[in-house]
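In this note's numbering, the protein residues as written are 874 to 1073. One structure is given here, and the rest of the page talks about it.
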Ligand code: ADP
């Protein structure tokens, strides 16, 4: 007998007494997910770190979920096939949601190449709490920057399924923020993001 076959029938949602609202109130902030999407090397992590510093300096409670870092732990069993990328985004979105339920402003840096999965992440949150930030840098510039040396490997055929090279990136259609990084600096962009957020 498969003892897991009726798992969903026997899984309950446990009501928690100290709820999301209380936790957010204690932190004097409204929980958010700031979801940075864009090609590898676009500048997601760099800009997100500046946003995080600015928010912390103004007394906000934040946490960064960086896709690269999550792949060292929670998502270390996942590769870069489409199915694994979808699962990578799903797990990250749910962790971000849990952190938002703890009252935090969660900064997510994830290529997250598919519109449908970004929509799934958005739908976990209340209206206005999910801020999609499209870090828009042309592929040629990302490949020139190549901060991790990955484009070089991808163009040499040493790694496969690399977003922008031999895997698709679906640009956001109507992100809350569309940042073009060429000709500006990470700190200027981070300042723009924080100004856009109504975090009072
Ligand atoms: P991602 O997280 O999107 O993969 P990273 O933030 O790791 O990208 O790398 C982006 C690289 O581009 C960094 O080396 C950064 O210094 C550089 N860079 C140059 N100009 C900008 C800019 N305006 N915004 C963000 N990063 C920039």
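For glycine and all other residues, C-beta sits at the position ideal for the given N, C-alpha and C.
Can you tell me whether residue i is buried or exposed? The criterion is at least 16 other CB atoms within 10 Å of its CB, across all chains shown.
{"i": "residue 999", "result": "exposed"}
{"i": "residue 1020", "result": "exposed"}
{"i": "residue 916", "result": "buried"}
{"i": "residue 889", "result": "exposed"}
{"i": "residue 961", "result": "buried"}
{"i": "residue 972", "result": "buried"}
{"i": "residue 1051", "result": "exposed"}
{"i": "residue 875", "result": "Bear in mind that the predicted position of residue 875 carries a pLDDT of just 48, short of 50, making it unreliable; the figure below should be weighed with that in mind. Looking at its Cβ environment, which holds fewer than 16 other Cβ atoms inside 10 Å, residue 875 is exposed."}
{"i": "residue 1027", "result": "buried"}
{"i": "residue 985", "result": "buried"}
Using three-state DSSP, classify residue i as helix, strand or coil.
{"i": "residue 1055", "result": "coil"}
{"i": "residue 1046", "result": "coil"}
{"i": "residue 1008", "result": "strand"}
{"i": "residue 1032", "result": "coil"}
{"i": "residue 875", "result": "Any reading at residue 875 is ruled out, since the residue's pLDDT is 48, under 50, leaving its predicted position unreliable."}
{"i": "residue 944", "result": "coil"}
{"i": "residue 1060", "result": "helix"}
Would you grab the beta carbon distance between residue i and residue j for me? Rounded to a whole angstrom, and I think it's under 8 Å.
{"i": "residue 943", "j": "residue 935", "result": "The Cβ separation is near 16 Å, so there is no contact."}
Query raised in the report: With a cut-off of 8 Å, do at least 3 Cβ pairs link the segment 912-921 to the segment 990-998?
Result: Because the criterion of three Cβ pairs below 8 Å is not met, the segment 912-921 and the segment 990-998 do not touch.
Report task. Count the CB pairs spanning the segment 1040-1051 and the segment 1003-1016 that are closer than 8 Å, and state whether there are at least three. Result -> The segment 1040-1051 makes contact with the segment 1003-1016; the number of CB pairs closer than 8 Å reaches 3 or more.
Query raised in the report: Taking one C-beta from the segment 976-985 and one from the segment 893-912 each time, how about it: are there three or more such pairs within less than 8 Å?
Result: Yes, since at least three Cβ pairs between the segment 976-985 and the segment 893-912 fall closer than 8 Å, the two stretches touch.
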